[in-house]
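Novice: For the sequence shown, this note's numbering puts the final residue at 1017, and the numbers step up evenly by one.
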Amino acid sequence: MAEQVIIFSRSLPFHHVGGMEVVAWDMANVLVKKGYDVKVVTTPFSSRNTQSIPNGIELIIPSDVSSGKYSHRWWEETERIIQTFNPIDVKAVVSISAAGFRTLKFKKQFPNSTFIMQAHGTSWAEFCSKWKRLAIKPCLSSLKNVIGFFNDALYYNKFDAIVAIGSAVEESMRSMPTKLIIDLKKIKKIENGIDNIVFNDSIMLRDTLREEHKIPHDSLVLLSISRLHEEKGVDNNIYAFKEILKMHGNSYYLVCGEGRERNSLESLVKKEGLSERVIFLGAKTKSELAELMACADVFIFLTKRIEGLPLNILEAMSAGLPIVISDHLPFECNENVRKVHSANYGEAASAVVELLKKGQLLSRRAYIPYENTLEYSINQYIKLFDKEKISHNI
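1) Excluding the 5 residues flanking residue 998 on each side, which residues of the same chain have their C-beta closer than 6 Å to its C-beta?
2) Distance check for residue 935 and residue 869, CA to CA, integer angstroms please.
3) For residue 1015, which three-state DSSP category applies?
4) Candidates 705, 817, 846 and 933: which alpha carbon is nearest residue 833's?
5) Take residue 932 as the anchor and find which of 683, 625 and 814 has the nearest alpha-carbon.
6) Could you pull the start and end residues of the alpha helix (DSSP H) that residue 887 belongs to?
7) Just curious, the alpha helix (DSSP H) that residue 753 is in, first and last residue?
8) First and last residue of the alpha helix (DSSP H) that includes residue 1029?
9) Using CA atoms only, rank isn't needed, just tell me which of 744, 761, 824 and 704 is closest to residue 797.
10) Contact check, residue 915 vs residue 907 under 8 Å by CB: the rounded distance?
11) Grouping DSSP H, G and I as helix and E and B as strand, with all else coil, what is residue 863?
12) Within its chain, find whatever has a CB closer than 6 Å to the CB of residue 923; leave out the 5 residues flanking it on each side and keep chain order.
13) Give the range of the beta strand (DSSP E) segment to which residue 962 is assigned.
14) Where do the ends of the alpha helix (DSSP H) carrying residue 799 lie?
15) Measuring straight from C-alpha to C-alpha, what distance separates residue 669 and residue 911?
16) Report yes if the CB atom of residue 895 is closer than 7 Å to the CB atom of residue 969, and no otherwise.
17) For residue 1015 and residue 853, what's the separation of their Cα atoms in angstroms?
18) Count Cβ pairs between the segment 770-781 and the segment 814-831 that sit closer than 8 Å; are there 3 or more?
19) Leaving out the 5 sequence neighbours to the left and right, which residues in its chain are closer than 7 Å to residue 806 when beta-carbon positions are compared?
20) What residue does the alpha helix (DSSP H) around residue 875 start on, and which one ends it?
21) Distance, Cα to Cα, residue 878 vs residue 920?
22) For the segment 737-756 against the segment 655-669, do three or more pairs of beta-carbon atoms, one drawn from each stretch, fall closer than 8 Å, so that the two count as touching?
23) Taking C-alpha atoms, which residue in 756, 667, 829 and 711 lies nearest to residue 694?
24) With a threshold of 16 other CB atoms inside 10 Å of the CB of residue 718, please say whether the residue is buried or exposed.
25) In angstroms with no decimal places, state the Cα-to-Cα distance between residue 653 and residue 1001.
26) Can you name the start and end residues of the beta strand (DSSP E) that residue 726 belongs to?
27) Please report how far the alpha carbon of residue 989 lies from the alpha carbon of residue 634, in whole angstroms.
28) Less than 7 Å between the C-beta atoms of residue 819 and residue 707, yes or no?
29) Just mark residue 703 as buried or exposed, buried being the case when its beta carbon has 16 or more other beta carbons within 10 Å.
30) Can you give me the Cβ contacts of residue 829 inside the same chain, cut-off strictly under 7 Å, excluding the 5 residues immediately before and after it?
31) Less than 7 Å between the beta carbons of residue 794 and residue 812, yes or no?
32) Strictly by DSSP, which residues pair up with residue 922?
33) Go ahead and label residue 632 buried or exposed: buried means 16 or more other beta carbons lie within 10 angstroms of its beta carbon, across all protein chains shown.
34) Tell me the residue span of the alpha helix (DSSP H) that contains residue 970.
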């Protein structure tokens, strides 16, 4: 009988496409391929979003639970569900962010199972990120992060290992005040990994996709992929694109993603007179996103938020796309990477044009580190499944 891995995640790509959701689902898929019996506990989602579920993955969806959110009912149900498993069969329990916190109540019943938290950020870093913007709504919502900090203090050290998905998350965990509530020896950095087979540097579909979107073959095409939320800085991308048009008139901007700010962003595009050059594509599947990478010349992500290790940037690197990103993101500048202040639109535009002049847009070669491939990442998690080695190292 295959060893079981139980994953708790409040949302998956079926709910909406975000980094945390993609990482959780990718993990489930690869673990199945490696022979594990994977159970994923999540909240309800619309049936129209259902994708094919690979053999070996069982979705467990408790009833009367709010979609994509933590709730009193979610905590009750996760406590109930963890008790339905035979401890002998369970190799690991993985909590995506806080989703599996309440399962720790029954950890002693699973003496041979490794309980792992996958941390995509910290409550303190999120609090700081919201106050950095000095906007009323984010600042008010930061109260949740204060509560989250004290909640984290109750649960962090009950896990066998806490995985930081990137250097920024690890640094936040090892810094004040979070280091006061966590056993630093339990922190393991396993950076996000992406499927470098799907996201590759082929541009075979480039001309076909440009024809499909009515974009001239010789145009400069920018691409962004993110939730259309205020903190993701799509408005910054739009203002920067307006500056790019002044320098390179034959340019287009493809906006991938959905979110609550879509209407206001479309209004902004109309107000700035960019409607014929900015194309909103909505949410796309992983394979569709990979194809759009081939269509684009530059990836732009002027996020206002303190991010962990954004998957969209790793995907662009795997596709060989040059990138222009916010200067607070945890990536080093090189011949393919330009970093600018998220609100310095002129500097962002100049960075794009500089890449164009240096010929970086003409040659496409993946430049993603092996440590950020999905295969490498999941193999590191599997090493954590050995509880005896974890205990010895700690």
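C-beta atoms are modelled at their ideal positions from N, C-alpha and C, and glycine is treated no differently. No experiment lies behind these values; they were computed from the predicted model shown.
Specialist: Answer, in terms of the structure:
1) Reading the sequence shown from its first residue, position 375 is the one you call residue 998. So no residue of the chain qualifies.
2) As a position in the sequence shown, residue 869 is number 246, starting the count at 1. As a position in the sequence shown, residue 935 is number 312, starting the count at 1. Looking at the two C-alpha atoms, the distance is approximately 27 Å.
3) Position 392 of the sequence shown, counted from the first residue, corresponds to residue 1015. The predicted position of residue 1015 is uncertain, since its pLDDT is 49 and thus under 50; a value taken from the coordinates is nonetheless stated next. Residue 1015 carries a helical assignment under DSSP once its states are collapsed to helix, strand and coil.
4) Along the sequence shown, one-based indexing puts residue 833 at 210. Proximity to residue 833 across 705, 817, 846 and 933 peaks at 846, based on C-alpha coordinates.
5) Sequence index remark: in the sequence shown, residue 932 carries index 309 (1-based). With distances taken between Cα atoms, residue 932 lies closest to 814.
6) As a first step, residue 887 is located in the sequence shown; it is residue number 264 there, counting from the start. Here the alpha helix (DSSP H) through residue 887 covers 885-894.
7) Stepping through the sequence shown from its first residue, residue 753 is reached at position 130. Residue 753 -> alpha helix (DSSP H) spans 746-756.
8) Beyond the ends of the chain as shown, which are 624 and 1017, falls residue 1029; an answer cannot be given.
9) In the sequence shown, residue 797 corresponds to position 174, counting from 1. Closest option to residue 797, judged by alpha-carbon separation, among 744, 761, 824 and 704: 744.
10) As a working note, residue 915 is residue 292 in the sequence shown. As a working note, residue 907 is residue 284 in the sequence shown. Contact between residue 915 and residue 907 holds, since their C-beta atoms are separated by about 7 Å, short of 8 Å.
11) Numbered from 1 along the sequence shown, position 240 holds the residue referred to as residue 863. Three-state DSSP puts residue 863 in a helix.
12) Reading the sequence shown from its first residue, position 300 is the one you call residue 923. The residues are 845, 847, 860 and 947.
13) As a working note, residue 962 is residue 339 in the sequence shown. In this chain, the beta strand (DSSP E) harbouring residue 962 covers 960-963.
14) Position 176 of the sequence shown, counted from the first residue, corresponds to residue 799. Careful: residue 799 lies outside any alpha helix (DSSP H) and carries neither H nor E.
15) The residue you call residue 669 lines up with position 46 of the sequence shown. The residue you call residue 911 lines up with position 288 of the sequence shown. Spanning the two alpha carbons is a distance of roughly 21 Å.
16) The residue given as residue 895 occupies position 272 in the sequence shown. The residue given as residue 969 occupies position 346 in the sequence shown. No, the Cβ-Cβ distance between residue 895 and residue 969 is not below 7 Å.
17) The sequence position of residue 1015 within the sequence shown is 392, counting from 1. The sequence position of residue 853 within the sequence shown is 230, counting from 1. The pLDDT assigned to residue 1015 is 49, lower than 50, so where the model puts this residue is not dependable; a value taken from the coordinates is nonetheless given after this. Rounded to the nearest whole angstrom, the C-alpha separation of residue 1015 and residue 853 is 44 Å.
18) Two segments are said to touch when three or more pairs of C-beta atoms, one from each, lie closer than 8 Å; by this definition the segment 770-781 does not touch the segment 814-831.
19) The residue labelled residue 806 in the question sits at position 183 within the sequence shown. So the list reads 780, once near-sequence residues are dropped.
20) In the sequence shown, residue 875 corresponds to position 252, counting from 1. Annotation: residue 875 is outside any alpha helix (DSSP H); the continuous beta strand (DSSP E) that includes it extends over 874-879.
21) Taking the sequence shown and counting its residues from 1, one reaches residue 878 at position 255. Taking the sequence shown and counting its residues from 1, one reaches residue 920 at position 297. Spanning the two alpha carbons is a distance of roughly 13 Å.
22) Using a Cβ-Cβ distance cut-off of 8 Å, the segment 737-756 and the segment 655-669 are not in contact, since fewer than three pairs of beta carbons, one from each stretch, lie closer than that value.
23) The residue labelled residue 694 in the question sits at position 71 within the sequence shown. Measuring from the Cα of residue 694, the nearest candidate turns out to be 667.
24) Counting from one through the sequence shown, the residue named residue 718 turns up at place 95. Using a 10 angstroms sphere on the CB of residue 718, the tally of other CB atoms reaches 16 or more, which defines it as buried.
25) Translated into the one-based positions of the sequence shown, residue 653 becomes position 30. Translated into the one-based positions of the sequence shown, residue 1001 becomes position 378. Rounded to the nearest angstrom, the two C-alpha atoms are 7 Å apart.
26) As a position in the sequence shown, residue 726 is number 103, starting the count at 1. In the DSSP assignment, residue 726 falls outside any beta strand (DSSP E), carrying neither H nor E.
27) By 1-based counting over the sequence shown, the position of residue 989 is 366. By 1-based counting over the sequence shown, the position of residue 634 is 11. In this structure, the CA atom of residue 989 is about 30 Å from the CA atom of residue 634.
28) Within the sequence shown, residue 819 is the residue found at index 196, counting from 1. Within the sequence shown, residue 707 is the residue found at index 84, counting from 1. The Cβ-Cβ distance between residue 819 and residue 707 does not fall below 7 Å.
29) Taking the sequence shown and counting its residues from 1, one reaches residue 703 at position 80. Within a 10 Å sphere around the beta-carbon of residue 703 sit fewer than 16 other beta-carbons, which makes this residue exposed.
30) For this step, residue 829 is matched to residue 206 along the sequence shown. Excluding sequence positions up to five before and after residue 829, its CB lies within less than 7 Å of the CB of 917 and 918, all in the same chain and listed in chain order.
31) Translated into positions along the sequence shown, residue 794 becomes position 171. Translated into positions along the sequence shown, residue 812 becomes position 189. No; because the gap between Cβ atoms is not below 7 Å, this pair is not in contact.
32) Mapped onto the sequence shown, residue 922 falls at position 299. According to DSSP, which records beta bridges pairwise, residue 922 is partnered with 846 and 946.
33) Within the sequence shown, numbered from 1, the residue matching residue 632 stands at position 9. Here residue 632 is buried, its C-beta having at least 16 other C-beta atoms within 10 Å.
34) In the sequence shown, counting from the first residue as 1, residue 970 sits at position 347. Unbroken alpha helix (DSSP H) run through residue 970: 968-980.
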